[in-house]
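First up is the structure itself, then whatever we jot down about it.
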Amino acid sequence: MMDISGILAWIPVGICFTKYGYSIATITGGSMEPTFNPGHTRGSSDKDTVLLEKWSVVLRRFRRGQVVTLWSPNDPYLLTAKRIIALQGDVVQPADGSSDPIRIPRGHCWVEGDSNEKTRDSNVYGPIPLALINARVSHIVWPMRRIRAVVNSHGKAEDRVLINEGK
1 MMDISGILAW IPVGICFTKY GYSIATITGG SMEPTFNPGH TRGSSDKDTV
51 LLEKWSVVLR RFRRGQVVTL WSPNDPYLLT AKRIIALQGD VVQPADGSSD
101 PIRIPRGHCW VEGDSNEKTR DSNVYGPIPL ALINARVSHI VWPMRRIRAV
151 VNSHGKAEDR VLINEGK
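Just so we're aligned, residue 1 is where the sequence shown starts under UniProt numbering, counting upward by one.
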């Protein structure tokens, strides 16, 4: 029988691992369709389970095209998944096309959902502080038929971003 002190000694290791290393989360909703939960708009109840990698956030290694989890600017208890479209210094034309282009301020980024219809993102909030980012979504780990790495891409906004090459 294992000594309880041996088990207790591993608790700080586990806490550190999930805070700074990796954890698992379930993606709900359709804002990142088709990247996550394809078929959501057709009524599918499938939910993707993903691997969250947190070390990139600790080291502040943010890249355009990465899918990240972040705390909602409107609800501090809601963790949401979006794609980084632009970083500080970049200029973004909001999706509605009627607003003036926005230069992303220092310490901020522009995030968008991959869905054209079901997303609350920087087109609603404006640029968001990098401090709200919680993790990088690295892999889909469930359901089994969808196991794969999450691909970085410009998503639907490639033609609306002027990248600051000095960054």
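Note that CB positions come from ideal geometry on N, CA and C, so glycine has one too. Computed from a prediction, not measured in an experiment: that's the story for all the values here.
Item                                                                                                                                       : Value
Compare the beta carbon distance of L79 and N152 with 8 Å and say whether it is the shorter of the two.                                    : no
If distances are taken between C-alpha atoms only, which option among G21, D75, N74 comes closest to V58?                                  : G21
Return the residue from the list W71, R83, R60, E33 that minimises the CA-CA distance to A157.                                             : R83
Answer yes or no: do I102 and V92 have a C-beta to C-beta separation smaller than 8 Å?                                                     : yes
Skipping 5 residues on each side, what residues in its chain have a beta carbon closer than 7 Å to that of T119?                           : S31, E112, G113
Where does T18 fall in DSSP's three states?                                                                                                : helix
Does DSSP put I133 in a helix, a strand or coil?                                                                                           : strand
Using the three-state DSSP reduction, which class does S31 fall into: helix, strand or coil?                                               : coil
Would you grab the beta carbon distance between H108 and L130 for me? Rounded to a whole angstrom, and I think it's under 8 Å.             : 6 Å
For L162, is the classification buried or exposed, using 16 other Cβ atoms within 10 angstroms of its Cβ as the cut-off for buried?        : exposed
How many angstroms separate the CA atom of I15 from the CA atom of V150?                                                                   : 25 Å
Return the first residue and the last residue of the alpha helix (DSSP H) that V58 is part of.                                             : 55 to 58
Looking only at DSSP bridge pairs, what is I84 linked to?                                                                                  : V111
Would you mind giving the Cβ-Cβ distance between I128 and L70, rounded to the nearest angstrom? I have them listed as a contact below 8 Å. : 7 Å
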